[in-house]
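One structure below.
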Amino acid sequence: ADAVYDYVRVQFREQYGIDWLQPLGFNNTYALMIREEMGRQMGLKKVSDLVR
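So in this note's numbering, spot 11 of the sequence shown is number 11, and the numbers just go up one at a time.
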C-alpha cells in the first residue's frame, strides 16, 4: 500500500501540482446509494437532506 501511495503522490505532484497529505490512519468508506428517481421524489440533493 505504501508503494502505491508514493507512486500516486508523485504522479499527482508532477501532473497536476497537487500534494497529497499523509494518511490519517483511519478508514471512512461509508457510502449511501439510492435510485435517482427516488431521490427526485423525496427532494434529496445532499446527505443532510436525509434528516428531514
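Ideal Cβ positions, reconstructed from N, Cα and C, are used throughout, including at glycine.
Asked: A3 (DSSP reduced to helix, strand or coil); Found: helix
Asked: W20 and F26 closer than 7 Å at C-beta; Found: no
Asked: C-alpha gap between E37 and K46, whole angstroms; Found: 15 Å
Asked: Under the three-state DSSP convention, the category F12 falls into; Found: helix
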